[in-house]
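Only one structure is covered here, and it is reproduced in the block below.
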Amino acid sequence: EKLVAAMAGASPAARLLLLEQIAAVGSPLGLKTVVEAAHGVDEALRDAATRLLGGWMTTDAAPALLELAKTLDDGKYRIRALRGYVRIARQLDMTPQQRVEVCRNTLALAERVDEKQLALETLGRVGSSEALDLAVSLLADAQLRAAACAAVVSVSDRAAVASPEATEKALTQVLALTSDPATRQQIERQ
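So in the working numbering the end of the sequence shown lands on 1463, straight run, no missing numbers.
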């Protein structure tokens, strides 16, 4: 609270330092303050805030990052917010359903292939039938095919428990589409 209060009268350089400290402390108030800075007009604060949110260490930043990815007008900051959003699903404790939802949202918002591939890589770590279905839905996209094939293979072990027929069908599709020998070997070993 003291750090947030000090932001009001601080110089631009001091506000940057305070923002760093607020992010290090965390807390709901800290998150709110950093999100407000990301939405603000001060370019240096926006830059610092989106960078800090991208490394936030609790899952409560995910909704804020998603909102920033949807609303920020600068492409650099939108990309940073989206990558931070996916990072939370990759590195922090979320349910499989939450991870799939993050991946679905990322795939819907991402304009670049890089972020879509990050989402597919994250999806490959989930291992649910819902994750399998989402990965399969992207096999037709030529730009994402390799990442989608890898995600299908990654989730197949765990997805086969709940959906053996769907998993077998998905792996057959991957075999028909992939030319990667490692992927083919992985499927044949299953």
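From the three backbone atoms N, C-alpha and C, an ideal C-beta is built for every residue, glycine too.
Treat the numbers as computed from the prediction; the structure is a model and nothing was measured.
Start-to-end residues for the alpha helix (DSSP H) that takes in residue 1506
Any question about residue 1506 goes unanswered here, given that the chain covers just 1274 to 1463.
So, using beta-carbon positions, are residue 1390 and residue 1426 closer together than 8 angstroms? no
Kindly list the residues whose CB is nearer than 7 angstroms to the CB of residue 1407, restricted to its own chain and excluding five residues on each side of it in sequence; keep chain order.
Cβ-Cβ distances below 7 angstroms link residue 1407 to 1373, 1376, 1377, 1396 in the same chain, with the five nearest sequence neighbours on each side left out; the list follows chain order.
I need the straight-line Cα distance from residue 1279 to residue 1313, nearest angstrom please. 17 angstroms
Considering only C-alpha positions, which residue in the set 1420, 1435, 1360, 1429 is nearest to residue 1462? Closest option to residue 1462, Cα to Cα, is 1429.
Quick one: give me the first and last residue of the alpha helix (DSSP H) that residue 1458 is part of. Segment 1454-1462, the alpha helix (DSSP H) holding residue 1458.
(message) Going by C-alpha to C-alpha distance, which of 1387, 1307, 1399 sits closest to residue 1362?
(response) 1399
Given this structure, state the Cα-to-Cα distance separating residue 1306 from residue 1384, to the nearest angstrom. Here the C-alpha atom of residue 1306 lies approximately 28 angstroms from the C-alpha atom of residue 1384.
>> On the CB-based measure, 16 or more other CB atoms within 10 Å of its CB, does residue 1456 come out buried or exposed?
In response: buried
| query | So which of 1438, 1300, 1382, 1277 has the shortest CA-CA distance to residue 1310? | reply | 1277
Reduced DSSP category for residue 1300 - H, G, I as helix; E, B as strand; rest coil: DSSP, read as helix, strand or coil, puts residue 1300 in coil.
task = List the endpoints of the continuous alpha helix (DSSP H) containing residue 1280.
result = 1275-1280
- Closest by CA to residue 1419, which one among 1323, 1453, 1438, 1434? 1453
Checklist line | Short Cβ contact (8 angstroms threshold) for residue 1364 with residue 1412 | finding: no
Q: Starting from the Cα of residue 1356, find the closest Cα among 1288, 1414, 1393, 1437 and give me that residue.
A: 1393
- Is the beta carbon of residue 1402 less than 8 angstroms from the beta carbon of residue 1354? no
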